[in-house]
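K.L.:
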Amino acid sequence: MLRLQCLLRPTVWLYAWLSWQLLGNVLVRQQSVTLRMLTAVAVACLAFETVRLLNDKLRRHLCHVLAGYATVVACAGWLQAEGRWEDLLPSNPGVWGAWAGIGFLVVVTQLNRQQGSKMLEGLWGLSLLALLIASHSRASWLGTLAGLLAWLVGGGQLVRFVKGRRWLVLPVLLGGILCGIGLYQFKPDSAKGRWLIWKAAMPLVQEHPLTGLGADAFRRQYLYAQADYFRQHPGTPEALYADNVVYAYNEPFKVLIEQGLIGLLLSVGLFLSCLLRRRQTSADRLWRSLLLLWGVYGLFAYPSNVASLYVLFFLLVGALSDGVTDPVARQRYVRMAVCLAAVAVIGWGTVRYLGLRQRLQTETLEKDDHDALKTYPDLYEEYILRCHEHAPESPRTLNVLEEATGYFPGSVLFCYLGDCYRVHGRYEQAEAAYRQARMILPCRFLPRYKLFDLYRQEGLEQQAAAEGRAILQLPVKVENTLVFRIRGEVKRYLNSIQQPQQP
């Protein structure tokens, strides 16, 4: 029985999962472990072990910190949505909506305690609820609803209310169906875009279903899969919802692609070992509700790619890892040693990152820095943009853009690459790059315009006219100056060659 309990410990699942992320890359996928990966694992270990070192009083203070941080993030996000203080705390509605839901759950639990001002906490909770609604984030709404229901069920309030009222089952089911339809109709384009992502990415799962493709594989390979999907389904109306996607918008699906079935089973085991624990204190109810919120939110968003939500996950796992399912508690000095080692790795990674960023901004990059930049997406994107803007004719820029297609194969990048090929007189390769950009986003104006302009410059009237007519037939999602300029140029060109448009 003790062995079974040990296997059910979240600690076992967590370290097995983190070990698979590192060792799987080296032993199975034959890929190197980058400093960024080590830093991410160290952050997970530090968050997990730190919260395990806290006593109940300090954990209650942690709840207050979470509520305060959630309020700041949600308010900053709302101000940004209103066009104010845009540089205060860069975020998006999905992220600050999730934090509004987290803060709302924490504050609601405080109303059930015999401490503090209930009126003040009630106003605080209502404010966070209003911010949650204002975020228009359906993933945040569903996650908060799931967390709230879990908290009510854990306390018995919901069970006592439903008991003896079986007639409520049918109205609740109908209400759930209607709510689902309403959420879909609220943002149908967003829902169709997510469905396109999941369908187009299925071939990535099939490549290595057991072990996965490795860290950041979705970012590196999804847009190629999206282009292949549109090649196999030409003219599909789904192309209207395509974008330069870097997130899977589904955490289990992302884990399946990058870590395979092994990683998925380990992560699900960790999640369930925390949710199904037998200890039922009021604090556990809150941690469990927040973890369920995180999980439901992660079915439609990308919390593991948001630093604050990534840390929150391991804080919640650590808070739920003690008690009955942890019969052999480790010595405190072992946990402290893990924390110190994690701090050292995080410090190393932070110094490395800040050094790279400073050298990038001052344009004093060293020879070894170019490979290191590839492991930090934000720095690498800035590096690519600087190279293209400052020296598009440089052979070094061309090499950088060619290498970048293995890391950020977006439509814009292939347009940059095509521009560089044109500068160097390599028109066939420029055409191939523009075609790839067009295939990634078939309904965007810029890739097709680049191809049209290339044909026009080369005097290929037939191809230019065909591409021009395709541009005029594109649906216009947002009318702006670029769209008007492109359509105007195309119309003038078609009139100049006096080639009638086919019906």
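Residues 3 to 505 in the working numbering are what the sequence shown lists, from first letter to last. Beta carbons: idealized from backbone N, C-alpha and C, even for Gly.
Using a Cβ-Cβ cut-off of 6 angstroms (strictly less than) and excluding sequence neighbours within five positions of Gly105, which residues of its own chain qualify?
P.N.:
Taking the first residue of the sequence shown as position 1, residue 105 is located at position 103. The residues are Ala69, Ala72, Thr73 and Leu130.
K.L.:
Cβ of Trp22 within 7 angstroms of Cβ of Leu272?
P.N.:
For the purposes of this step, residue 22 is identified with residue 20 of the sequence shown, where counting begins at 1. For the purposes of this step, residue 272 is identified with residue 270 of the sequence shown, where counting begins at 1. For Trp22 and Leu272, no; Cβs fall outside 7 angstroms.
K.L.:
Please list, in chain order, all residues of the same chain as Asp328 whose beta carbon is under 7 angstroms from its beta carbon, the five residues on each side excluded.
P.N.:
Position 326 of the sequence shown, counted from the first residue, corresponds to residue 328. Because Asp328 carries a pLDDT of 44, less than 50, the predicted location of this residue cannot be relied on, and no value is offered for it.
K.L.:
Around the C-beta of Ser34, are 16 or more other C-beta atoms found within 10 angstroms, so that it is buried, or is it exposed?
P.N.:
Position 32 of the sequence shown, counted from the first residue, corresponds to residue 34. It counts as exposed.
K.L.:
According to DSSP, is Ala439 helix, strand or coil?
P.N.:
On the sequence shown, position 437 is the one that residue 439 refers to. If DSSP states are grouped into helix, strand and coil, Ala439 belongs with the helices.
K.L.:
Please check if any C-beta of chain D sits within less than 7 angstroms of the C-beta of His235.
P.N.:
Protein chain content of the structure displayed is limited to a single chain, and chain D is not contained in it.
K.L.:
Please check the pair Leu295 and Gly149, which I expect to be a contact at CB under 8 angstroms, by giving their CB distance rounded to whole angstroms.
P.N.:
For this step, residue 295 is matched to residue 293 along the sequence shown. For this step, residue 149 is matched to residue 147 along the sequence shown. About 3 angstroms separates the two Cβ atoms, so the contact holds.
K.L.:
In terms of alpha-carbon separation, which member of Leu25, Ala42 and Arg38 lies closest to Phe315?
P.N.:
Here the question's residue 315 lines up with position 313 in the sequence shown. Here the closest residue by C-alpha is Ala42.
K.L.:
Identify whether Pro379 lies in helix, strand or coil by the three-state DSSP scheme.
P.N.:
As a first step, residue 379 is located in the sequence shown; it is residue number 377 there, counting from the start. It is helical.
K.L.:
Report yes if the C-beta distance between Leu506 and Tyr378 is below 7 angstroms; otherwise report no.
P.N.:
Here the chain has residues from 3 to 505 only, and residue 506 is not among them.
K.L.:
How should Met39 be labelled, buried or exposed, when 16 other C-beta atoms within 10 angstroms of its C-beta is the threshold for buried?
P.N.:
Here residue 39 corresponds to residue number 37 of the sequence shown, with the count starting at 1. Per the 10 Å Cβ criterion, buried.
K.L.:
Do the segment 456 to 476 and the segment 428 to 439 make contact, defined as three or more Cβ pairs closer than 8 angstroms?
P.N.:
Yes: at least three Cβ pairs fall under 8 angstroms.
K.L.:
What residue ranges within the segment 459 to 487 form continuous alpha helix (DSSP H) runs of no fewer than 4 residues, ordered along the chain?
P.N.:
Those alpha helix (DSSP H) runs which fall completely within the segment 459 to 487 and span 4+ residues are 463 to 474.
K.L.:
Using the Cα positions of Leu553 and Gln475, report the straight-line distance between them to the nearest angstrom.
P.N.:
A query on residue 553 cannot be resolved here, the shown segment of the chain reaching from 3 to 505 and no further.
K.L.:
Quick check for students: name the residue ranges of the alpha helix (DSSP H) that lie wholly in the segment 249 to 311, counting only runs of 4 or more.
P.N.:
Listed in chain order, the complete alpha helix (DSSP H) runs (minimum 4 residues) inside the segment 249 to 311 are 253 to 277 and 284 to 300.
K.L.:
According to DSSP, is Ile499 part of a helix, a strand, or is it coil?
P.N.:
Walking along the sequence shown from the start, residue 499 turns up at place 497. Ile499: coil per DSSP, three-state reduction.
K.L.:
Consult DSSP for His390 and reduce its assignment to one of helix, strand or coil.
P.N.:
Working through the sequence shown from its first residue, we reach residue 390 at position 388. Looking at His390 - three-state DSSP - the assignment turns out to be helix.
K.L.:
Considering only C-alpha positions, which residue in the set Val308, Leu274 and Gln261 is nearest to Tyr249?
P.N.:
As a position in the sequence shown, residue 249 is number 247, starting the count at 1. Closest by alpha carbon: Val308.
K.L.:
DSSP state of Ser192, grouped into three classes?
P.N.:
Counted from its first residue, the sequence shown places residue 192 at position 190. Three-state result, Ser192: helix.
K.L.:
Measuring CB to CB, does Arg450 end up less than 7 angstroms from Glu433?
P.N.:
Residue 450 sits at position 448 when you count from the first residue of the sequence shown. Residue 433 sits at position 431 when you count from the first residue of the sequence shown. No, these two residues do not count as a Cβ contact at 7 angstroms.
K.L.:
Verify the contact flag: Val319, CB atom, against every heavy atom of the ligand ATP, threshold strictly below 6 angstroms.
P.N.:
Among the components of this structure there are no ligands whatsoever, and the ligand ATP is therefore not found.
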